[in-house]
Structures are given as structure tokens and as C-alpha cells.
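Peer 1: Structure provided below as C-alpha cells; questions to follow.
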Amino acid sequence: MSKYGHLWMYIDLIFKRTNKEKIELSFNQIKDATGFDIDHSFLTYKKELLDYGYKVEKIKLKDKIIIFSKYRY
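Going by the numbering used here, the letters in the sequence shown line up with residues 2 to 74, in that order.
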């Protein structure tokens, strides 16, 4: 499993439970899901999320929030 594999499964679970098109997670929520602080490698690993049917919509560094959305092929 990749470094952010647990986060991708967590995001998948949230989308399936809420049936929303977009979700916002704070950096703290991501830390709770992964067990570590988000770092620069996230920018590389985020491409893996496409395999789950989702994408990183926007990263708000000032607000420490990442917006994820469903990915349409």
C-alpha cells in the first residue's frame, strides 16, 4: 500500500456514505486518517486517487484544507 493508501480508502468511504460530489478535509483530518502530517510528497501521490474515482480539486494552503471531488473519465 502506498504512503497515502489509507487516506484514499478514507476518502472513498466518505464519498460512498455521503453521496456528495465534493468533500473538504482539513490537514488535521488528513493527519487523523494517515497518522502523519501531510507533506510535499502529497503532490506526487495525489495522482493515485484517480484510481479510486476521485481527484484533488483544490489545495487551500492558507486555510489548511483540501477539496476532493468525484472524477469523471
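Here a beta-carbon is modelled for each residue, glycine too, at the ideal position from N, C-alpha and C. Here the structure is a predicted model, which means the values were calculated and not measured.
If you run the structure through DSSP and keep just helix, strand and coil, what is residue 49?
Peer 2: If DSSP states are grouped into helix, strand and coil, residue 49 belongs with the helices.
Peer 1: Excluding five sequence neighbours on each side, which residues of the same chain lie with their C-beta closer than 7 Å to the C-beta of residue 58?
Peer 2: Same-chain partners within the cutoff: 23, 68, 69 and 70.
Peer 1: For residue 32, name the three-state secondary structure that DSSP assigns.
Peer 2: Three-state result, residue 32: helix.
Peer 1: If I follow the unbroken beta strand (DSSP E) through residue 61, where does it start and stop?
Peer 2: It spans 55-61 - the beta strand (DSSP E) in which residue 61 sits, taken as one unbroken run.
Peer 1: Spatial neighbours of residue 66 within its chain, please: CB distance less than 6 Å, with the 5 preceding and 5 following residues excluded, ordered by chain position.
Peer 2: Closer than 6 Å at the Cβ level, and outside the excluded window around residue 66, lie 25 and 27.
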